[in-house]
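Going by full-length UniProt numbering, the first residue of the sequence shown is number 61, and it counts up by one from there. Working notes, structure below.
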Amino acid sequence: SDSSNTLKGVASFPIGAAINPQLLASNALYKSALVKNYNSISTENCAKMNRLQPKAGQFNWTDTDALVNFARQNNMKVHGHTLIWHVAVPTWVTNFQGDSLAWEKLMKTHIQTVVGHYKGSIKSWDVVNEAFEADGSLRKSIWYQHLGADYIARCFQYAHEADPQALLFYNDNNSVYQTKKSDAVYAMLKNLKQRNIPINGVGLQMHITVNTSESILTNVIRQYASTGLLIHISELDIRMNYSLSTTFVLTDAVKNAHASKYKAIAKIYKGVVAKAQQFGITNWNLGDSDSWLLTESKSEDHPLLFDENYNRKLSFYGFMQGL
Ligand code: XIL
């Protein structure tokens with residue numbers, strides 16, 4: 061196939077997608093759009109704690125192993141998402157009774173069992189996801205409540221012990237336009253680096269809309285890049301219907317705005333992030349019909365690069381032009 065006509069063929073950094081192993085096994089169009097255009101897979105849900113360790117000490121590797129094997133066969137890499145988060149916590153953890161030492165052991169065991177199992181095959185991880193609130197304070201998650209504010213640093217240390225080669229990321233949402241949150245995340249990243257905590261990169265989720273300000277995005281990405289960390293646009297999708305209107309109409313004007321926003325993101329990333337820090341851009345899902353946003357809200361939207369039949373949209377070409 062002609063590589064100048066695919067996303068991965070034109071990009072100078074990895075292009076990823078968040079993938080569902082069941083869809084991959086059952087939908088040939090999904091599979092072929094993925095293999096043609098992407099060289100990285102993020103584990104959409106299957107490597108979250110409730111999936112990997114549904115019962116205490118009982119790990120279920122089946123789905124994540126399937127993605128790892130698929131990636132190996134197709135020359136792709138796998139980015140692991142996510143070790144410690146306040147969502148997708150299994151009930152046994154929510155109900156867990158124990159002192160801070162027992163909680164520490166629970167957290168450490170999860171991280172080290174998972175990172176250890178995939179040592180050498182999953183070479184990068186979102187270690188902690190969404191630890192901050194919009195106002196810049198640390199979220200009072202069960203992890204925070206039982207382990208204190210510095211649990212984040214220890215998560216990185218534990219992951220690093222289990223696989224010293226793995227690239228370790230802090231990942232968060234809305235940190236590209238919520239000023240208080242982005243400042244707090246930036247301060248934490250600098251603090252972790254100063255203390256020589258083994259962190260390699262930051263993931264900017266980038267669930268944005270056609271309306272999101274490009275100048276704000278540029279400034280915040282520049283701020284994060286100044287840490288010297290790898291920069292991963294880790295969950296890119298762009299809502300067309302940003303007001304969640306029930307009478308949304310898919311006009312040519314909206315399609316054009318969507319394509320030009322995708323192009324702008326690619327250009328900002330290339331323009332602002334030094335080559336050595338460009339870890340990649342990952343789409344959160346593949347086609348409009350498998351987007352998580354459809355189940356998040358009932359309103360019509362078309363946030364991705366492929367349509368319901370995995371045909372390339374105008375936005376695919378917009379994004380490709382920016383790469
Ligand atoms: C989402 C998945 O895409 C959905 O299928 C699931 O129901 C909920 O989680 N930020 C994250 C991701 O870090 O883990 C979320 O993934 C989307 C928002």
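Just so you know, even glycine gets a beta-carbon here, dropped at the ideal spot from N, CA and C.
When DSSP labels each residue in this structure, what does residue i get in the three-state scheme?
i: residue 285; result: helix
i: residue 338; result: strand
i: residue 66; result: coil
i: residue 103; result: strand
i: residue 225; result: coil
i: residue 151; result: helix
i: residue 194; result: coil
i: residue 274; result: helix
i: residue 185; result: strand
i: residue 239; result: helix
i: residue 141; result: strand
i: residue 135; result: coil
i: residue 382; result: helix
i: residue 125; result: helix
i: residue 292; result: strand
i: residue 118; result: strand
i: residue 307; result: coil
i: residue 71; result: coil
i: residue 110; result: helix
i: residue 259; result: coil
Exposed or buried, what is residue i when buried is set at 16 or more other beta-carbons lying within 10 Å of its beta-carbon?
i: residue 311; result: exposed
i: residue 104; result: buried
i: residue 62; result: exposed
i: residue 155; result: exposed
i: residue 150; result: buried
i: residue 235; result: buried
i: residue 321; result: buried
i: residue 81; result: buried
i: residue 309; result: exposed
i: residue 165; result: exposed
i: residue 143; result: buried
i: residue 304; result: exposed
i: residue 195; result: exposed
Any chance the CB of residue i is under 7 Å from a heavy atom of ligand 1?
i: residue 105; result: yes
i: residue 142; result: yes
i: residue 352; result: yes
i: residue 203; result: no
i: residue 193; result: no
i: residue 238; result: no
i: residue 344; result: yes
i: residue 118; result: no
i: residue 254; result: no
i: residue 233; result: yes
i: residue 368; result: no
i: residue 110; result: no
i: residue 87; result: no
i: residue 189; result: yes
i: residue 283; result: no
i: residue 82; result: no
i: residue 337; result: no
Please return the same chain residues whose Cβ sits closer than 8 Å to the Cβ of residue i, not counting the five positions on each side in sequence.
i: residue 233; result: 190, 265, 267 and 295
i: residue 176; result: 222 and 223
i: residue 119; result: 112, 113, 173, 174 and 177
Tell me which residues share the same chain as residue i and place their Cβ nearer than 7 Å to its Cβ, disregarding the 5 neighbours each side in the sequence.
i: residue 131; result: 101, 137 and 138
i: residue 328; result: 274, 277, 278 and 281
i: residue 92; result: none
i: residue 70; result: 64, 380 and 383
i: residue 238; result: 194
i: residue 66; result: 96 and 97
If you drop the 5 nearest sequence neighbours on each side, which residues of the same chain put their C-beta closer than 6 Å to that of residue i?
i: residue 201; result: 146
i: residue 74; result: 99, 100 and 340
i: residue 338; result: 73
Do we get a CB-CB distance below 8 Å when we pair residue i with the residues of chain C?
i: residue 100; result: The structure shown contains no chain C, having only a single protein chain.
Q: Answer yes if the stretch 271-283 comes into contact with the stretch 249-260, meaning at least three C-beta pairs across the two stretches below 8 Å, and no otherwise.
A: With a cut-off of 8 Å, the stretch 271-283 and the stretch 249-260 do not count as touching, because too few Cβ pairs lie within range.
Q. Counting pairs of Cβ atoms below 8 Å between the stretch 179-199 and the stretch 155-170, do you hit three or more?
A. The answer is no - the stretch 155-170 does not touch the stretch 179-199, with fewer than three Cβ pairs under 8 Å.
Q) If you pair each beta-carbon of the stretch 160-174 with each one of the stretch 202-212, do three or more pairs fall below 8 Å? A) Verdict: yes, contact present.
Q) Okay, do the stretch 364-374 and the stretch 343-350 touch, 3+ Cβ pairs below 8 Å being the bar? A) Yes, the stretch 364-374 is in contact with the stretch 343-350.
Q: Would you check if there are 3 or more beta carbon pairs closer than 8 Å linking the stretch 103-117 to the stretch 255-263?
A: Counting C-beta pairs with one atom in each stretch, the stretch 103-117 and the stretch 255-263 have fewer than three that are closer than 8 Å, which means they do not touch.
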